[in-house]
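S.K.: Residue numbers (numbering that gives the first Met the number 0), protein chains in the order written: chain G, 0 to 181; chain X, 0 to 325. Please find one structure pasted underneath; my questions will follow.
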Amino acid sequence: MAGIYIGIVIAIVLIIFIGWWITTSNNFKRKKIKIDEALSGIEVALTNRFDKLTKLLEVTKGFAKHEKDTFSAVIAMRKGMKIGELNECCSKMDSIGAHINAVAESYPELRSAETFKELQSAIRSVEQHLQAARRLYNSNVTLYNTALAVFPSSIVANAQNLEKADFFVAEEAKRADVEMKF
Amino acid sequence: MSEYAKKFGITIVEEPVLYDSMLYLRLKKATNKRRLYTVLEGFFAFCTVALGLLIYVFPPKDLPEEVFATVFIIVIFVFGTATALFEHDKKTENWKIKRLLHDNIVRGALKETFETMQFSPGWHLQPTEIASSGLAPYRGMPAGSDYVKGSYKGVPFVFSNLHFTTTNNDGETKSMGIFKGQWLILEVDRVFKERLILREKSEGALGEIGLKSVVETENIAFNRKFQISTDDPLNVFLILTPNLMEEIIAIDRRANARTCMSFVTSGDKNYIHITFHNNMEIFNIPANHKFTYGCIPAIRGRMKSEIQYMTGMIDALLKNDYLFKK
Numbered sequence: 000m001a002g003i004y005i006g007i008v009i010a011i012v013l014i015i016f017i018g019w020w021i022t023t024s025n026n027f028k029r030k031k032i033k034i035d036e037a038l039s040g041i042e043v044a045l046t047n048r049f050d051k052l053t054k055l056l057e058v059t060k061g062f063a064k065h066e067k068d069t070f071s072a073v074i075a076m077r078k079g080m081k082i083g084e085l086n087e088c089c090s091k092m093d094s095i096g097a098h099i100n101a102v103a104e105s106y107p108e109l110r111s112a113e114t115f116k117e118l119q120s121a122i123r124s125v126e127q128h129l130q131a132a133r134r135l136y137n138s139n140v141t142l143y144n145t146a147l148a149v150f151p152s153s154i155v156a157n158a159q160n161l162e163k164a165d166f167f168v169a170e171e172a173k174r175a176d177v178e179m180k181f
Numbered sequence: 000m001s002e003y004a005k006k007f008g009i010t011i012v013e014e015p016v017l018y019d020s021m022l023y024l025r026l027k028k029a030t031n032k033r034r035l036y037t038v039l040e041g042f043f044a045f046c047t048v049a050l051g052l053l054i055y056v057f058p059p060k061d062l063p064e065e066v067f068a069t070v071f072i073i074v075i076f077v078f079g080t081a082t083a084l085f086e087h088d089k090k091t092e093n094w095k096i097k098r099l100l101h102d103n104i105v106r107g108a109l110k111e112t113f114e115t116m117q118f119s120p121g122w123h124l125q126p127t128e129i130a131s132s133g134l135a136p137y138r139g140m141p142a143g144s145d146y147v148k149g150s151y152k153g154v155p156f157v158f159s160n161l162h163f164t165t166t167n168n169d170g171e172t173k174s175m176g177i178f179k180g181q182w183l184i185l186e187v188d189r190v191f192k193e194r195l196i197l198r199e200k201s202e203g204a205l206g207e208i209g210l211k212s213v214v215e216t217e218n219i220a221f222n223r224k225f226q227i228s229t230d231d232p233l234n235v236f237l238i239l240t241p242n243l244m245e246e247i248i249a250i251d252r253r254a255n256a257r258t259c260m261s262f263v264t265s266g267d268k269n270y271i272h273i274t275f276h277n278n279m280e281i282f283n284i285p286a287n288h289k290f291t292y293g294c295i296p297a298i299r300g301r302m303k304s305e306i307q308y309m310t311g312m313i314d315a316l317l318k319n320d321y322l323f324k325k
């Protein structure tokens, strides 16, 4: 009789354990899907930014013909880029944006051109979306990485060889301390 | 909103009509009258009960029963009527005091703070105005006072004191005790694809408490304080910038209230609802307040400070480019 009771207890414990394992595993999958969704949000925002910057570059080249050679950065955007590649694209776009702004300083007629102003405004809006998408992605990565690290969900993560997701880092220039010169 | 305002005759603000000295004299006169009527009301109420009891317990022996009954009714009627009349007079004086304060202090304070403004002390936000927010309690009917509609730094707004009542099967109306405070609605150009609701995770805040947020922001203090519900997580990060989250926490602390916010598009209009549950009514002076000449500037200052957390919240939101820059 005692053997039956022990058997029932073991069966209940096993059922609970399997249920917990499946739930935890599904939670990881849900979190991963959220990360992928957020990543695609970044991709969309970056593609938008790329398109707007390309147009802005064309407008700038039209006004600043002598500076044509200085716009030589190559940005290759494609679908399914990894987070490191997206980071690289983002920083290249940052430098192009900064370069265009620097050039525009020397060409007042460019700064006052309606198309230029509209494109700059559109870029600002896209950058807002990019910033929000980046924060959403990082928030999801934090939740995922925390679940990977903490016990007992770490047991499931280790058994399934789940790896930590990479953060979308802020560009170096913005991350660096503010330098003030007098 | 405007049709309600028109229907119920919301007044347009004018310059304060009385100087402080004149206002003080009028308030003093009304307060003295109110005190007199209170004493008289109490006296006649006491007399009604005392005489009634006296005649009932010690009826005159030599009077016929019909005459006695007539005298009894006449005495009770005369004294009872006098009590009711003095109570009415007391209420009239109370109303006069409130009117004096509203016309000369509250309207002035509002006019100094807001660009354009309509003020209706006896009116409040209507169910249709707050329904889309997702914050109004189920089966709760709004009640309140001090409806203000206008614009602040170019942002159209409307707010009022509000609490919720419910009617049971016997037709009795009683307060729900869920929310008592100020409800502010801003009209913005930004379209919200999905509704975003921020609820303070504490007892007394509107909506369901204890639900898990759909997203966690990078601000731990904010996550601890507010529950975030939306079907569009990206929208959360577009609206809740790091700076805005800090400001919301600071204003919530300053207002000593439980704050809830709702960003919603309803029809072709976009609204931000902000509710402050602080268990108080702004612009309210207790009936037994003693007026002195020196207290008028203090009351004026208090009235201004009572709207500061609302303007502070609008100022904080105005810094958000996504919400306010086209």
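Even glycine gets a Cβ: it sits at the ideal position worked out from N, Cα and C. Predicted model, so just to flag it, every value in this text is computed and none were measured.
With 16 as the cutoff for other CB atoms within 10 Å, does X/Asn-103 come out buried or exposed?
M.R.: X/Asn-103 should be labelled buried.
S.K.: Output, in chain order, the set of chain G residues within a Cβ distance shorter than 8 Å of X/Thr-216.
M.R.: Chain G residues near X/Thr-216: Arg-134 and Ser-138.
S.K.: Using 9 Å as the threshold, is the C-beta distance between X/Val-147 and X/Ser-131 below it?
M.R.: It is not a contact, given that the beta carbons lie outside the stated cut-off.
S.K.: Any idea what DSSP makes of X/Pro-126, helix, strand or coil?
M.R.: Looking at X/Pro-126 - three-state DSSP - the assignment turns out to be helix.
S.K.: For X/Ala-254, which residues from the same chain have a beta carbon less than 6 Å from its beta carbon, with the 5 sequence-adjacent residues on both sides left out?
M.R.: Same-chain partners within the cutoff: Phe-275 and Tyr-308.
S.K.: Locate the beta strand (DSSP E) running through X/Phe-275, then write down its first and last residues.
M.R.: Element bounds for X/Phe-275: 268-276.
S.K.: Candidates X/Thr-112, X/Thr-37 and X/Asp-61: which alpha carbon is nearest X/Lys-303's?
M.R.: Measuring from the Cα of X/Lys-303, the nearest candidate turns out to be X/Thr-112.
S.K.: Taking C-beta pairs closer than 7 Å, name the residues in chain G that X/Asp-267 reaches, listed in chain order.
M.R.: Near X/Asp-267 there are no residues of chain G at all, since even the closest Cβ is about 21 Å away, more than 7 Å.
S.K.: So, X/Thr-264 versus X/Phe-191, is the Cβ gap smaller than 9 Å?
M.R.: A contact, by the Cβ cut-off of 9 Å.
S.K.: What does X/Phe-236 reach in chain G if we use C-beta pairs closer than 7 Å?
M.R.: The contacting residues are Ala-131, Arg-134 and Leu-135.
S.K.: Which of the three DSSP states, helix, strand or coil, is assigned to G/Arg-48?
M.R.: In the structure shown, G/Arg-48 sits in a helix (DSSP, three-state: H, G or I).
S.K.: Exposed or buried, which one is X/Phe-262 when buried takes at least 16 other CB atoms within 10 Å?
M.R.: With 16 or more other Cβ atoms within 10 Å, it is buried.
S.K.: How would you call X/Leu-99, buried or exposed, if buried means at least 16 neighbouring beta carbons within 10 angstroms?
M.R.: X/Leu-99 is buried by the Cβ-count criterion.
S.K.: So which residues on chain X does G/Gln-127 lean against when the C-beta distance must stay under 7 Å?
M.R.: Within chain X, the residues near G/Gln-127 are Leu-237, Asp-320 and Tyr-321.
S.K.: Tell me, which residues are paired with X/Gln-368 by DSSP?
M.R.: Chain X is shown only over 0 to 325; residue 368 of chain X falls outside these bounds and no answer can be derived.
S.K.: What's the call for X/Gly-209, buried or exposed, on a 16-neighbour Cβ count within 10 Å?
M.R.: With a pLDDT of only 48 at X/Gly-209, under the threshold of 50, the placement of this residue in the model should not be trusted, and no figure is reported.
S.K.: In angstroms with no decimal places, state the Cα-to-Cα distance between G/Ser-153 and X/Gly-149.
M.R.: Approximately 55 Å, taken between the alpha carbons.
S.K.: Which residue from G/Leu-118, G/Ile-14 and G/Lys-81 puts its Cα closest to that of G/Asp-50?
M.R.: The residue with the shortest Cα to Cα distance from G/Asp-50 is G/Leu-118.
S.K.: For the candidate residues X/Leu-39, X/Met-279, X/Glu-246 and X/Gly-300, whose alpha-carbon lies nearest to that of X/Leu-161?
M.R.: The shortest Cα separation from X/Leu-161 among X/Leu-39, X/Met-279, X/Glu-246 and X/Gly-300 belongs to X/Met-279.
S.K.: By the criterion of Cβ-Cβ separation under 7 Å, what are the contact partners of X/Leu-233 in chain G?
M.R.: What X/Leu-233 touches in chain G: Gly-40, Ala-131, Ala-132 and Leu-135.
S.K.: Quick check: X/Pro-141 and X/Gln-125, are their CB atoms within less than 9 Å of each other?
M.R.: Cβ distance < 9 Å, so X/Pro-141 and X/Gln-125 count as in contact.
S.K.: Could you tell me the boundaries of the alpha helix (DSSP H) in which X/Thr-258 lies?
M.R.: Unbroken run through X/Thr-258 is the beta strand (DSSP E), 257-265; no alpha helix (DSSP H).
S.K.: If we define contact as Cβ-Cβ less than 9 Å, is G/Ala-146 a contact residue for chain X?
M.R.: Judged by the 9 Å Cβ criterion, G/Ala-146 is not in contact with chain X.
S.K.: Report the partner residues of X/Phe-156 according to the DSSP bridge assignment.
M.R.: DSSP, once it has assigned bridges, lists X/Gly-149 and X/Leu-185 as partnering X/Phe-156.
S.K.: Is G/Thr-53 close to chain X? Criterion is C-beta to C-beta, closer than 9 Å.
M.R.: Answer no: the Cβ-Cβ gap between G/Thr-53 and chain X never drops below 9 Å.
S.K.: Grab me the residues of G/Gly-83's own chain with a C-beta within less than 6 Å of its C-beta, minus the 5 sequence neighbours each way, in chain order.
M.R.: Around G/Gly-83: no qualifying Cβ.
S.K.: On the DSSP bridge assignment, give the partners of X/Phe-290 in chain order.
M.R.: DSSP output for X/Phe-290 lists no bridge partner at all.
S.K.: For the 8 Å Cβ check, are there 3 or more pairs between the stretch 135-142 of chain G and the stretch 104-119 of chain G?
M.R.: In short, these stretches do not touch, since the Cβ pair count stays below three.
S.K.: Are there three or more Cβ pairs, one per stretch, closer than 8 Å when the stretch 41-56 of chain G is compared with the stretch 88-104 of chain G?
M.R.: Yes, the stretch 41-56 of chain G touches the stretch 88-104 of chain G.
S.K.: Which residues share a DSSP beta bridge with G/Ser-39?
M.R.: According to DSSP, which records beta bridges pairwise, G/Ser-39 is partnered with nothing at all.
S.K.: Assign X/Thr-165 to one of three DSSP states: helix, strand, or coil.
M.R.: Three-state result, X/Thr-165: strand.
S.K.: What's the gap between the Cα of X/Val-48 and the Cα of X/Val-56?
M.R.: Cα-Cα distance, rounded: 12 Å.
S.K.: Can X/Met-312 be considered in contact with the ligand FMN, in the sense that its beta carbon sits closer than 8 Å to one or more heavy atoms?
M.R.: Among the components of this structure there are no ligands whatsoever, and the ligand FMN is therefore not found.
S.K.: Indicate the three-state DSSP secondary structure (helix, strand or coil) for X/Lys-326 in the structure shown.
M.R.: Lying outside 0 to 325, the shown extent of chain X, residue 326 of chain X is not represented and no answer is given.
S.K.: Buried or exposed: X/Leu-52, going by 16 or more other Cβ atoms within 10 Å of its Cβ?
M.R.: When all chains shown are included, X/Leu-52 counts as exposed.
S.K.: Can you grab the Cα-Cα spacing for the pair X/Thr-91 / X/Glu-193, in whole Å?
M.R.: Approximately 49 Å, taken between the alpha carbons.
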